[in-house]
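Student: Below is a structure I'd like to ask you about.
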Amino acid sequence: MADIRIAAVMAVHNRRALTLECLDSLRNQGVPGGTLDVFVVDDASSDGTAEAVAQSHPEVRLLRGNGHLYWNGGMRRALDEAMAGDYDYYLWMNDDTMLVDDGVLALLLQTEQHLSKGGHDPVIVVGTTRHPETGELTYGGQMRLSRRRRTSWTLVEPASEPRRCETMNGNTVLVPRTVVQRIGNIDPAYVQQMGDLDYGLRAGTAGCEVWIAPGTVGVCASHPVRRTDVQPLRDELRRLWSVKELAPGPWLVFTRRWAGRLWLFYWLSPYLRRGLSLVLQRAHIRSTVSGVR
19 MADIRIAAVM AVHNRRALTL ECLDSLRNQG VPGGTLDVFV VDDASSDGTA
69 EAVAQSHPEV RLLRGNGHLY WNGGMRRALD EAMAGDYDYY LWMNDDTMLV
119 DDGVLALLLQ TEQHLSKGGH DPVIVVGTTR HPETGELTYG GQMRLSRRRR
169 TSWTLVEPAS EPRRCETMNG NTVLVPRTVV QRIGNIDPAY VQQMGDLDYG
219 LRAGTAGCEV WIAPGTVGVC ASHPVRRTDV QPLRDELRRL WSVKELAPGP
269 WLVFTRRWAG RLWLFYWLSP YLRRGLSLVL QRAHIRSTVS GVR
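Under this note's numbering, the residue at position 95 of the sequence shown is numbered 113, and the numbers go up by one with no gaps.
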């Protein structure tokens with residue numbers, strides 16, 4: 019692994035403690051015989067994240083956002099900056115992912131090199147994470163549930179050997195230069211979600227492969243479960259269409275690319291399902307209240 023140059027890229031916003039812990043875990047890894055440069059885009063955090071990173075990790079190349087980059091925009095900016103340095107590998111990281119296992123970078127590199135020598139080139143290698151308390155698998159490589167469910171995904175369970183998958187979550191991903199030369203950056207059509215899934219699928223259509231490394235690489239809690247209590251209809255619809263859930267524009271791009279000829283049905287279906295669920299919930303509440311009276 020001599021002379022290997024890796025650029026780690028990360029987008030952060032208002033999670034100072036998690037960001038620092040993630041950077042600590044990354045610094046503790048090291049690259050045997052190589053170098054690791056870290057590019058962090060702070061998207062106008064108001065909790066002092068940027069200042070804390072600059073103080074605790076002066077080696078990090080800290081970039082500032084305008085508060086409207088979100089995950090995809092922040093990662094694009096970080097990758098743009100890193101790609102100018104023409105690194106051998108680009109390590110995608112989420113700031114809520116902690117590489118607590120020993121030798122994670124060595125494992126990802128060895129997996130990529132082993133697969134490349136076996137004829138699987140170029141290869142993206144994904145690290146699988148587990149919940150810090152329960153040990154349940156949280157993020158990693160993804161496969162479609164079935165041909166009919168073209169926009170529904172299931173996590174690929176790691177084994178003692180690398181396993182093939184269709185695409186990935188962007189929590190811990192090693193992307194070699196050869197893939198970046200073919201695919202480029204994350205698509206600007208996406209804002210908060212789907213940019214990582216889209217990137218893996220684009221890689222597949224360009225002749226690249228996506229694999230998960232053996233075992234797990236660290237911990238990352240799954241995202242909080244969406245609220246199930248009934249809110250005002252206007253608030254529910256605004257939440258559904260928000261950037262952090264399923265904004266219609268990015269979802270339209272994703273379904274048109276990857277859902278096949280029935281893409282319009284796939285685009286509409288989550289909105290129709292949520293709308294029907296809201297109507298039924300409210301009807302149930304009204305009937306219950308009437309029954310009590």
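Even for Gly, the Cβ is constructed at its ideal location relative to N, Cα and C.
Keep in mind that this is a model prediction, so the values were computed, not measured.
So, at 6 Å on beta carbons, what are the nonlocal neighbours of Trp89 in its own chain, with the 5 sequence-adjacent residues on each side left out?
Tutor: What you label residue 89 is simply residue 71 of the sequence shown in a count that begins at 1. Hits under 6 Å: Ala29, Gln210.
Student: Assign Ala114 to one of two classes, buried (16 or more other C-beta atoms within 10 Å of its C-beta) or exposed (fewer than that).
Tutor: The residue you call residue 114 lines up with position 96 of the sequence shown. Before going on, a small fix: residue 114 reads as Asp here, not Ala. Asp114 should be labelled buried.
Student: Relative to the alpha-carbon of Gly222, which residue among Gly236, Arg182, Pro206 has its alpha-carbon at the smallest distance?
Tutor: Taking the first residue of the sequence shown as 1, we reach residue 222 at position 204. When each option's Cα is compared against that of Gly222, the closest is Arg182.
Student: Going by DSSP in three states, Met93 sits in which element: helix, strand or coil?
Tutor: By one-based count along the sequence shown, residue 93 stands at place 75. Reduced to three states, the DSSP call for Met93 is helix.
Student: Smallest Cα separation from Ser178: which of Val235, Arg166, Trp281?
Tutor: Counted from its first residue, the sequence shown places residue 178 at position 160. Ser178 has its Cα closest to that of Val235, out of Val235, Arg166, Trp281.
Student: Is DSSP giving Cys226 helix, strand or coil here?
Tutor: Taking the first residue of the sequence shown as 1, we reach residue 226 at position 208. Coil at Cys226, not helix or strand.
Student: Just mark Pro194 as buried or exposed, buried being the case when its beta carbon has 16 or more other beta carbons within 10 Å.
Tutor: Within the sequence shown, numbered from 1, the residue matching residue 194 stands at position 176. Counting the other CB atoms within 10 Å of its CB gives Pro194 a total of 16 or more, which places it among the buried residues.
Student: Buried or exposed: where does Asn187 fall if 16 or more other Cβ atoms within 10 Å of its Cβ makes it buried?
Tutor: For the purposes of this step, residue 187 is identified with residue 169 of the sequence shown, where counting begins at 1. Asn187 counts as buried, since no fewer than 16 other beta carbons sit within 10 angstroms of its beta carbon.
Student: Less than 8 Å between the CB atoms is what I'm expecting for Thr273 and Trp259, so what's the real figure, rounded?
Tutor: As a position in the sequence shown, residue 273 is number 255, starting the count at 1. As a position in the sequence shown, residue 259 is number 241, starting the count at 1. About 15 Å separates the two Cβ atoms, so there is no contact after all.
Student: Nearest CA to the CA of Ala231: which residue from Trp110, Gln128, His31?
Tutor: By 1-based counting over the sequence shown, the position of residue 231 is 213. The shortest C-alpha separation from Ala231 is found at Gln128.
Student: Quick check: Thr169 and Gln160, are their CB atoms within less than 8 Å of each other?
Tutor: Within the sequence shown, the letter at position 151 stands for residue 169. Within the sequence shown, the letter at position 142 stands for residue 160. Result no, Cβ atoms of Thr169 and Gln160 do not sit closer than 8 Å.
Student: Note down, one range per segment and in chain order, each alpha helix (DSSP H) of at least 4 residues found wholly within the stretch 251 to 300.
Tutor: 251 to 258, 266 to 276
Student: Count the other C-beta atoms from every protein chain shown that fall within 10 angstroms of the C-beta of His241, then say buried if there are 16 or more, exposed otherwise.
Tutor: Here residue 241 refers to the residue found at position 223 when the sequence shown is read from its first residue. Per the 10 Å Cβ criterion, exposed.
Student: Please classify Gln47: is it buried, with 16 or more other beta-carbons within 10 angstroms of its beta-carbon, or exposed?
Tutor: The residue given as residue 47 occupies position 29 in the sequence shown. Buried, since its Cβ has 16 or more Cβ neighbours within 10 Å.
Student: Near Met212, which residues of its chain fall below 7 Å by C-beta distance, leaving aside the five closest residues on each side in sequence?
Tutor: In the sequence shown, the residue the question calls residue 212 occupies position 194. So the qualifying residues of the chain are Pro268, Phe272.
Student: Would you mind listing the beta strand (DSSP E) stretches within the stretch 190 to 227 that are 3+ residues and don't spill past its ends, in chain order?
Tutor: 190 to 194
Student: When you compare the CB positions of Leu117 and Leu44, do they come within less than 8 Å of one another, or not?
Tutor: In the sequence shown, counting from the first residue as 1, residue 117 sits at position 99. In the sequence shown, counting from the first residue as 1, residue 44 sits at position 26. Yes, Cβ-Cβ distance for Leu117 and Leu44 is below 8 Å.
Student: Rounded to whole angstroms, what is the Cα-Cα separation between Gly136 and Leu290?
Tutor: Counting from one through the sequence shown, the residue named residue 136 turns up at place 118. Counting from one through the sequence shown, the residue named residue 290 turns up at place 272. When rounded, the distance between both Cα atoms is 46 Å.
Student: Among His31, Val198, Val144, which has the Cα closest to the Cα of Ala100?
Tutor: As a working mapping, residue 100 is identified with position 82 in the sequence shown. Measuring from the Cα of Ala100, the nearest candidate turns out to be Val198.
Student: Which class does Tyr105 belong to by DSSP, given the choice of helix, strand or coil?
Tutor: By one-based count along the sequence shown, residue 105 stands at place 87. Correct three-state label for Tyr105: coil.
Student: Quick check on this structure: which residue in Asp65, Thr196, Asp61 has the alpha carbon closest to the alpha carbon of Ser134?
Tutor: Your numbering for residue 134 matches position 116 in the sequence shown. Closest in C-alpha terms to Ser134, from the list Asp65, Thr196, Asp61, comes Thr196.
Student: If you drop the 5 nearest sequence neighbours on each side, which residues of the same chain put their C-beta closer than 6 Å to that of His31?
Tutor: On the sequence shown, position 13 is the one that residue 31 refers to. Excluding sequence neighbours, His31 sits near Asp61, Ser63.
Student: Measure the CB-CB distance between Leu109 and Leu192 and report whether it falls below 8 Å.
Tutor: Taking the first residue of the sequence shown as position 1, residue 109 is located at position 91. Taking the first residue of the sequence shown as position 1, residue 192 is located at position 174. Going by beta carbons, Leu109 and Leu192 fall inside the 8 Å limit.
Student: What is the residue span of the beta strand (DSSP E) that Arg34 lies within?
Tutor: Position 16 of the sequence shown holds residue 34. Segment 34 to 45 is the alpha helix (DSSP H) holding Arg34; no beta strand (DSSP E) there.
Student: Leu126 and Gly145: beta carbons closer than 8 Å?
Tutor: In the sequence shown, the residue the question calls residue 126 occupies position 108. In the sequence shown, the residue the question calls residue 145 occupies position 127. It is a contact, given that the beta carbons lie within the stated cut-off.
Student: If we ignore side chains and look at the alpha-carbon of each, how far apart do Val228 and Tyr208 end up?
Tutor: By one-based count along the sequence shown, residue 228 stands at place 210. By one-based count along the sequence shown, residue 208 stands at place 190. The alpha-carbon atoms of Val228 and Tyr208 are separated by roughly 20 Å.
Student: Here's the rule: buried if 16 or more other CB atoms are within 10 angstroms of the residue's CB, otherwise exposed. What is Phe283?
Tutor: On the sequence shown, position 265 is the one that residue 283 refers to. With fewer than 16 other Cβ atoms within 10 Å, it is exposed.
Student: Whole beta strand (DSSP E) runs in the stretch 123 to 177 with 3 or more residues, listed along the chain?
Tutor: 141 to 144, 155 to 157, 159 to 162, 171 to 173
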